[in-house]
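Residue numbers for the sequence shown, in this note's numbering: 399 to 587.
All C-beta atoms, glycine included, are put in the ideal place defined by N, C-alpha and C.
In what follows, a structure is listed as structure tokens, so that the remarks can point back to it.
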Amino acid sequence: MTVAVLDACVLVPSVLADTLLRCAEQDLYRPLWTRAILDEVRRNLPPSALGAKAERRVEVMREHFPTAMVSGYEHLIAEMTNDPKDRHVLAAAVAADAEVIVTANLRDFPDHALAPYAIEALHPDDFLCLLLEDDPERIADIVVQQAEATGRGGRPKLSVDDVLSGLAGCRAIRFAHRVSLQLAEGRWP
399 MTVAVLDACV
409 LVPSVLADTL
419 LRCAEQDLYR
429 PLWTRAILDE
439 VRRNLPPSAL
449 GAKAERRVEV
459 MREHFPTAMV
469 SGYEHLIAEM
479 TNDPKDRHVL
489 AAAVAADAEV
499 IVTANLRDFP
509 DHALAPYAIE
519 ALHPDDFLCL
529 LLEDDPERIA
539 DIVVQQAEAT
549 GRGGRPKLSV
559 DDVLSGLAGC
569 RAIRFAHRVS
579 LQLAEGRWP
């Protein structure tokens with residue numbers, strides 16, 4: 399199973415975070431993060447999700463994935479050669495023997511900084527497309543279930559197309575398109 403550190407930038411947009419975490423719930427990969435990453439998520443959530451909502455969102459993530467927290471990486475930060483503001487992410491990946499960092503900020507993780515540790519930085523679109531290739535039926539089910547789970551707590555009910563549009567808006571364009579095509583062709587329920 400792939401072990402992936404999720405950068406804060408992929409955990410802030412709710413539709414993208416939901417898809418990524420639902421895939422992890424299905425054991426399609428093992429997610430990792432740090433307190434620093436979760437703190438960054440809290441700071442960058444939209445104003446409507448600040449305060450107690452932000453705290454609850456992070457707490458739910460921690461409850462659902464109790465083994466995702468990486469610690470003991472701090473001594474490695476100074477050795478990292480990627481963008482200084484994201485050295486903590488690479489250090490956590492190194493300490494946890496992760497294979498992948500899922501991030502929308504690929505320029506902050508140049509190949510020369512990752513190569514010594516055999517870690518790859520993947521855009522969430524690329525990462526989700528890999529998961530789709532590995533288990534297309536489960537991924538399609540995840541997206542359908544994601545749509546079915548909306549409409550609670552006074553929030554609007556979303557269709558599968560709405561979820562896919564939201565993912566495309568988070569720059570997971572190829573993934574959204576491929577899932578949409580598969581569902582339209584009736585390959586999955």
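| query | Any chance the region 451-461 sits against the region 435-443, with 3 or more Cβ pairs inside 8 Å? | reply | yes
| query | Which one of A406, L526 and V558 has the shortest CA to CA distance from L430? | reply | A406
| field | Helix, strand or coil at P534 [DSSP, three-state] | value | helix
| field | Buried or exposed (CB count within 10 angstroms, at least 16 for buried), H486 | value | buried
| Which two residues bound the contiguous alpha helix (DSSP H) that contains V558? | V558 to G567
| field | Euclidean distance between Cα positions of V498 and G552 | value | 36 Å
| Helix, strand or coil: which one does DSSP assign to V408? | helix
| query | What residues match up with I499 in a beta bridge as DSSP calls it? | reply | V403 and A519
| task | Hey, could you find the ends of the alpha helix (DSSP H) L430 is sitting in? | result | Segment R428 to L430 is the beta strand (DSSP E) holding L430; no alpha helix (DSSP H) there.
| field | Rounded C-alpha distance that separates L565 from D425 | value | 21 Å
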